[in-house]
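Here the sequence shown is numbered in full-length UniProt numbering, starting from 1 and rising by one per residue. All remarks here apply to the structure that follows.
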Amino acid sequence: MSTEAPTSMETETVASKTKLESNTLPPKPKFEPLKAHEMSDGRIQFRKVSVPPHRYSPLKKYWMDIYTPIYEQMKVDIRMNLKARKKCADFVQAFMLGFDVPDAIALLRLDELYVESFEIKDVKTLRGEHLSRAIGRLSGKGGKTKFAIENATKTRIVIADTKIHILGSFANIKIARDSLCNLILGSPAGKVYSKLRQVTARLAERF
Numbered sequence: 001m002s003t004e005a006p007t008s009m010e011t012e013t014v015a016s017k018t019k020l021e022s023n024t025l026p027p028k029p030k031f032e033p034l035k036a037h038e039m040s041d042g043r044i045q046f047r048k049v050s051v052p053p054h055r056y057s058p059l060k061k062y063w064m065d066i067y068t069p070i071y072e073q074m075k076v077d078i079r080m081n082l083k084a085r086k087k088c089a090d091f092v093q094a095f096m097l098g099f100d101v102p103d104a105i106a107l108l109r110l111d112e113l114y115v116e117s118f119e120i121k122d123v124k125t126l127r128g129e130h131l132s133r134a135i136g137r138l139s140g141k142g143g144k145t146k147f148a149i150e151n152a153t154k155t156r157i158v159i160a161d162t163k164i165h166i167l168g169s170f171a172n173i174k175i176a177r178d179s180l181c182n183l184i185l186g187s188p189a190g191k192v193y194s195k196l197r198q199v200t201a202r203l204a205e206r207f
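See below:
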């Protein structure tokens, strides 16, 4: 057995080999994707959404238009309880609020879309004719005012009695809501249009 000390080259080789072995990590484990029932510990998850009486007939009419994209794209089962008039899954709740089918389906495809709801009384307490006039200002003649706000802010607006629902991106919902609130507070439509054009112009320049 040799008692000679290892040369410097041998020492560097051993050190490099030891360092390489210490830096070598084990391969990453490969896991199969979880199935839906495994993500919920085997429990079936569901949600019930009440159907307002005035949306029951449209729901039956457009049922397949609603069911098909939800089942095919989201892989979510959905069914209608004809006795209790409730439906499962929360993806079509926008339809229940009064939005058209394409608008409701857009919530499935775009992550940045939201729905915000509020009532006229949340902005100002109005009764009788004052309330009726406020609702009239929100819609305008033939829905002209509502359409103008929708087109300028790229949103969809539903005015259901004293409740207002807005579908759109976070920033655009805020612009539309401010315009609607100004109308409720009594601002003339012309003044609201003017301010709306200024805000949307600044928003367009920013993006």
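Positions of the beta carbon are idealized from the N, C-alpha and C atoms, including for glycine.
By the three-class DSSP mapping on this structure, what secondary structure does residue i have?
i, result
"GLU116", "strand"
"ASP122", "helix"
"PRO33", "coil"
"PRO69", "helix"
"TYR62", "coil"
"ILE149", "helix"
Hey, quick one: how far does the alpha helix (DSSP H) through residue i stretch, first residue to last?
i, result
"VAL51", "Neither: VAL51 is in no alpha helix (DSSP H) and is coded neither H nor E."
"GLY128", "128-139"
"ASP103", "101-109"
Going by the DSSP bridge assignment, what does residue i pair with across the sheet?
i, result
"ILE167", "Note that residue 167 is Leu in the sequence shown here, rather than Ile. Paired residues: VAL115, ARG156."
"MET96", "MET96 is not bridged to any residue."
"MET74", "DSSP lists no partner for MET74."
Let me make sure I understand the geometry here. Which of the options has the alpha-carbon closest to that of residue i?
i, options, result
"LEU113", "ALA171, LEU126, GLY143", "ALA171"
"TYR71", "LEU108, PRO102, GLY98", "LEU108"
"ILE175", "HIS54, VAL158, LEU59, ILE149", "ILE149"
"ASP55", "VAL199, LEU180, MET96, GLU129", "It is worth fixing the name first, because residue 55 is Arg in this sequence and not Asp. Minimum Cα distance to ARG55 is reached at MET96."
"THR155", "SER132, PHE147, GLY168", "GLY168"
Below 8 Å on the Cβ atoms is my guess for residue i versus residue j; work out the distance and round it to an integer in Å.
i, j, result
"VAL51", "LEU59", "6 Å"
"ARG137", "LEU183", "5 Å"
"GLU116", "THR162", "Going by Cβ atoms, the distance from GLU116 to THR162 rounds to 16 Å, so no, they are not a contact pair."
"ILE166", "ILE157", "5 Å"
"LEU185", "LYS124", "6 Å"
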